[in-house]
Structure formats: structure tokens, C-alpha cells
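When you line the sequence shown up against our numbering, it's residues 9 to 256, in that order.
We put the CB at the ideal spot given by N, CA and C, even for glycine.
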Amino acid sequence: MNCGQSCLKYLLFAFNLLFWILGLVVIGVGAYSRISSKNYDTLLGDGGVASASNILIASGAFVTVIGFLGCCGAIRESKCMLVMYFIMVLLIFILEIAAGAMAYAMKGAMEKGFTDTLTEVVNKNYNDQPNASVSQKEFTASLDWFQKEVKCCGAGGINDWLNSTWFKEQTDKFNLAPKSCCIVEVPGCQKIKLSLYRTGCVDAGVKFVNSHVMDVVKVAIGVAVVQLLVMISAICLCKAIGSEEEMA
């Protein structure tokens, strides 16, 4: 084995080690999103966040397995294993591009679904009274968490609450919005407009989701760059092994 082939072998091993680590990172991002989705998946509807998180976890697990196999193929200098490894990584790369394109194409529909669901919850389904149904309690808990976490109030703003079923059922008509809209939750804060968040949850929610999506995109780009490097390295090492076999 010449010096160049030896360097390529260990370079491919190093790339796959990094590939394996990035796979673990993807699993971590997916797990975090899966846990967080319990709080706001009700507002997004159809388990969209949970499903995407599950796909991330599955993809990350698969990537770690492929990375491990790549390390073995490089160390053993198996031409067959390296070719199979290249094909598998190429398939993953194509699937990632397709998934990214699909997610981008569905972005508008997801934002519309989020807007419609959030508006419906604010107008009709929010109920913080003891006699609320199970589904109303789920919507209420999700929206309360969302308004606190994202620092927003109502679908389009504070005034949405004044036209809601929640407001009509209030005995105290001085309450402008639920307590979860308060910048600081103190007694009577929901009666003072200046103490409430001014931004609507639709706009704030889109920014919130986009910021989390960017974290996923950064991880995906990192994985894609490593994938390209390992595919190039695998092909080069295969050629080097082939040349060595012909000389032998």
C-alpha cells in the first residue's frame, strides 16, 4: 500500500467517524423535537412535528449504522463493501434532497394549517374553566404554553380574544386575554393592555418554527457535506485498491 492510498484509507475512516457522530446529532435533534412537539403539536395538527421528528430519529440511526459500516470497509480495504457503502450513501443523499424539496413545497400549506388551527383554538376551543372537555383542555394547555414560550397573544393580536367564545363566557369582562398572554404573570395583569404581549401568535409562531427549522437545516447541511466527501473518498479508495490488485 502506497502512502497516498494509506492516507485516503484513514481519511475515509475519519470522515465516517464524523458521519457517525453527525448521525448521533441528528438523533438528538429529532428526540428534542419529539419531546417538544408534545407542547405544540396540537396546534399544528395531524402530528406533523411528531412525524417529522420520528423521521429524523430513524434517519439519524440509519446514518450511524452506515457510518460504522464505512469505517469497517475502509479499514478492511474491501472493494465490495466500499461500493455498497457508496451506493447506500448516494441513496440517502438523494432521499435527503427529495425530502428537503418536499418540505419546502409544503411550507405554505403547513403555515396555512397552523394559522387556521390557531385561529380556531382562539375563537372557539380555548376554555380554562373546570367544566372544559378533554379536547378543550388539550387545546388550552397547548395554547397557554405557546403564548408563554413564543411571547405572543391571540392569533393576530390581543383583540382576537375580545371576539372569542372564551371572552363571552367570562364573568369578569375586564379580562382582556388569558393570563398566559401576560408579560409577567401577576394578579390582574390580564386586565391591563400594556402588560400583555402585543405580537400575534401566527406571526410569532412562524418565526419560532423557522428558527427551529434552521437548526435542523444546519445539521442537514453538515451531514450532506460529509456525505459528499465520503462518497468521493470511497470511489478514490476503490480505484486505488483496484489498481493495486491489477499490479499484483
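- For L237, three-class secondary structure by DSSP: helix
- Message: If you measure between the beta carbons of A185 and Q198, is that distance less than 9 Å?
- Response: yes
- Item | L184 (DSSP reduced to helix, strand or coil) | Here L184 sits in coil by DSSP.
- In angstroms, rounded to a whole number, what distance separates the CA positions of T72 and S241? 18 Å
- T179: buried (16+ other C-beta within 10 angstroms of its C-beta) or exposed? Exposed, because fewer than 16 other Cβ atoms sit within 10 Å of the Cβ of T179.
- Task: Output the distance between the C-alpha atoms of C209 and V34, rounded to the nearest integer angstrom.
- Result: 28 Å
- Query: Taking the DSSP output, what are the residues bridged to L204?
  - Reply: C190
- Message: Please classify V231 as buried or exposed, where buried requires at least 16 neighbouring CB atoms within 10 angstroms.
- Response: Only buried fits V231, as 16 or more other CB atoms lie within 10 angstroms of its CB.
- Message: Rounding to the nearest angstrom, what Cα-Cα distance links D136 and K215 in this structure?
- Response: For the pair D136 and K215, the Cα-to-Cα distance works out to about 27 Å.
- Task: Return the CA-CA distance between K226 and K120, expressed in angstroms with no decimal places.
- Result: 25 Å
- Query: Is there contact here, the segment 139-146 with the segment 155-165, by at least three beta-carbon pairs under 8 Å?
  - Reply: no
- 8 Å contact criterion, which F70 and Q235 should meet: CB distance rounded: Between Q235 and F70 the Cβ distance is about 12 Å, and since that is not below 8 Å, they are no contact.
- Excluding the 5 residues preceding and the 5 following S188 in the sequence, name in chain order all residues of the same chain whose CB lies nearer than 6 Å to its CB. Taken in chain order, the residues that qualify are D152, Q155 and K156.
- Helix, strand or coil: how does DSSP classify C15 here? helix
- Close beta carbons around K159, own chain, < 6 Å, minus the five adjacent residues each side: Y205
- Supposed contact pair I74 and V91 - C-beta distance, whole angstroms, cut 8 Å: Actually they do not touch by this definition, with Cβ atoms about 14 Å apart.
- Item | Close beta carbons around L19, own chain, < 7 Å, minus the five adjacent residues each side | S241
- Determine the direct distance from the alpha carbon of G36 to that of F21, and round the result to whole angstroms. When rounded, the distance between both Cα atoms is 23 Å.
- Item | Cα-Cα separation between P8 and E104, rounded to whole angstroms | No statement about residue 8 is possible, as the shown extent of the chain runs from 9 to 256 and does not include it.
- CB of V148 within 9 Å of CB of N167, strictly: A small fix is needed here, since residue 148 is Thr in this sequence, not Val. Taking 9 Å as the Cβ cut-off, T148 and N167 do not qualify as a contacting pair.
- Query: What is the C-beta distance between G78 and V238, in whole angstroms, given that I count them as a contact (C-beta under 8 Å)?
  - Reply: 6 Å
- Message: To the nearest angstrom, how far is the alpha carbon of T127 from that of L25?
- Response: Rounded to the nearest angstrom, the two C-alpha atoms are 47 Å apart.
- Ignore the nearest five residues each way along the sequence and tell me which others in K201's own chain have a CB closer than 7 Å to its CB. I166 and L184
- Would a C-beta distance cut-off of 9 Å place S203 and C190 closer than the cut-off? yes
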